[in-house]
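Notes to accompany the following structure.
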Amino acid sequence: MDAGTTPPITLVELAKGLAHDEFVFYYQPKVSLVGGKVNGAEALIRWKKPDGTIIPPDEFIPIAESTGFITEISRAMFPKLVADMLILNDMDASISIAFNLSSKDFESPEMLELIRSAIESHQIDPDKLQVELTEAAIIDINDPNIRNNLNELVKLGVKLAMDDYGTGYSSIDTLSQWPFSVVKIDQGLIRRMVESEKSTTIVQASIRMAHQLGINVVAEGIESANVYDFLLHAGCTDAQGFWLAQPMPLAELLAFIRSDRRWSALPAGLIHMAQLDHIHWRKTLIDQVTTLAFNHSKEKSVQGVSAEQDPHRCKLGVWYYGLGQEFKGISTFDELEEPHRLLHEQGAKLIEAARNGSTREEITNGLRELTKLSSIVLGLLQELENEAFFQAAEQNG
1 MDAGTTPPIT LVELAKGLAH DEFVFYYQPK VSLVGGKVNG AEALIRWKKP
51 DGTIIPPDEF IPIAESTGFI TEISRAMFPK LVADMLILND MDASISIAFN
101 LSSKDFESPE MLELIRSAIE SHQIDPDKLQ VELTEAAIID INDPNIRNNL
151 NELVKLGVKL AMDDYGTGYS SIDTLSQWPF SVVKIDQGLI RRMVESEKST
201 TIVQASIRMA HQLGINVVAE GIESANVYDF LLHAGCTDAQ GFWLAQPMPL
251 AELLAFIRSD RRWSALPAGL IHMAQLDHIH WRKTLIDQVT TLAFNHSKEK
301 SVQGVSAEQD PHRCKLGVWY YGLGQEFKGI STFDELEEPH RLLHEQGAKL
351 IEAARNGSTR EEITNGLREL TKLSSIVLGL LQELENEAFF QAAEQNG
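Taking the UniProt record's numbering, I'd label the letters of the sequence shown as residues 1 to 397.
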């Protein structure tokens, strides 16, 4: 071993540190790109030695993982997390906390039961707890006990987040098989955007795909205002990184939240997503109508090819009556509701006409009316997007 090189940490040292209560949580704030303020934090384990030295996780987590001791650490730290969440909740009930766990933590039911007990005793709100698992850990799971325990966790109302998204080999397949409600784009991808067009394209595509799946996106590793602004306009929902805030002890997190700091938050990117959602909905509806009218095959159809008929439940509607309410009061936004409702009424009429065997001319006339309403909706969304860009420029100017 070279002189001055720190010897590797042993399992005995880990066990001793845990027994002496030397492990603590540091919290890295997360910022909403919709509201422009802190809306959560990630709980990160640090090893604080008696002399005050802080040992970072990359120096002890690998051995904890490889030996299975990580489960002991997780179970010992969870009550501390609950205590911290109670303090946070007393100050701001809107703050959610992300907690990193290993797939090994779910090989047996102990961790699940700890979380269940905290929820059923009303110590924590399950909606405010996220459990983060790395993509690599999920891909390697073959144990049915792990899958069952994670599914039970989601049934309790806890959000499951895929950490380090984009570093594995089967990201899309993994998302399709597991009940994730959050993906965290790997910080390496985010950092490389300033020098790699390919990384930028991957990030944009990941945000769009997650949006279509109804999954929130957290971008890790934000280190500049330019990257923050890009993600804001790309439709990302949450941000985390040293440019926003470094990991900090609970007392500093409380002070940070109390300071009520604000960041740019006119989510023009989500308006652009809404336009794409509408175009996709219109295309799906037209495909559905033409298939009903002219294709009478009895073969089983592909899932997801029917257009949502409820204007509150289509993706544009979910945005309009949800995150889009940030724009309420802007005339362009307010004017959008009526043509959107009429659009869905026209869509329902077209589907009914196709089912009832209407003529090609009747269906074509109905499609023309649909196109007129679609153009109105798109025009209003584009005008709203322009207004959001101008307002964002004024905020930053």
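Glycine residues also receive a C-beta, built at the ideal position from the N, C-alpha and C atoms.
The bridge partners DSSP lists for Gln212 come to none. Assignment of Lys49 by DSSP, reduced to helix, strand and coil, places it in the coil class. Annotated three-state conformation of Glu132 is strand, per DSSP. Of the candidates Leu88, His344, Thr284, Asn100, His344 places its Cα closest to the Cα of Pro311. DSSP places Asp334 in the helix class (H, G or I) of the three-state scheme.
8 Å or more divides the Cβ of Val194 from the Cβ of Asn216.
Taking the Cα positions, Pro126 is about 51 Å away from Glu362.
If you look at Val183, you'll find it in the beta strand (DSSP E) that goes 182 to 185.
Rounded to whole angstroms, Lys159 and Asn365 show a C-alpha spacing of 46 Å. Assigned with DSSP and collapsed to three states, Ala245 falls in coil, not helix or strand. The three-state secondary structure of Ile257, taken from DSSP, is helix. By the Cβ neighbour-count rule, Val12 is exposed, with fewer than 16 other Cβ atoms within 10 Å of its own. Within the same chain, Pro126, Leu156 come within 6 Å of Ile119 by CB-CB distance, once the 5 residues on both sides are set aside.
The C-beta distance from Phe327 to Leu384 rounds to 6 Å, short enough to meet the 8 Å contact threshold. Between His233 and Ala205, the CB-CB gap reaches or exceeds 8 Å. With contacts defined as CB atoms closer than 8 Å, Leu14 and Tyr26 fail to qualify as a contacting pair. With a cut-off of 8 Å on Cβ pairs, the region 111 to 118 is in contact with the region 77 to 95, counting three or more such pairs. For Ala161, the enclosing beta strand (DSSP E) stretches over residues 159 to 165. Going by DSSP, Ser103 is part of no alpha helix (DSSP H) at all; its letter is neither H nor E. Sequence-distant Cβ neighbours of Leu88 in its own chain, meaning closer than 6 Å and more than five residues away, are Ile95.
In its chain, beyond the 5 residues on either side, Ile257 have a beta carbon closer than 8 Å to the beta carbon of Asp92. In the DSSP assignment, Val31 falls within the unbroken beta strand (DSSP E) covering 23 to 32.
Contact between the region 245 to 265 and the region 20 to 40 is present: three or more C-beta pairs spanning the two stretches fall below 8 Å.
Phe69: not part of any alpha helix (DSSP H); DSSP gives it neither H nor E. When Asp105, Asp21, Leu381, Met85 are compared, the shortest CA-CA separation from Leu270 is found for Leu381. Ser196 counts as exposed, since fewer than 16 other C-beta atoms from the protein chains shown sit within 10 angstroms of its C-beta.
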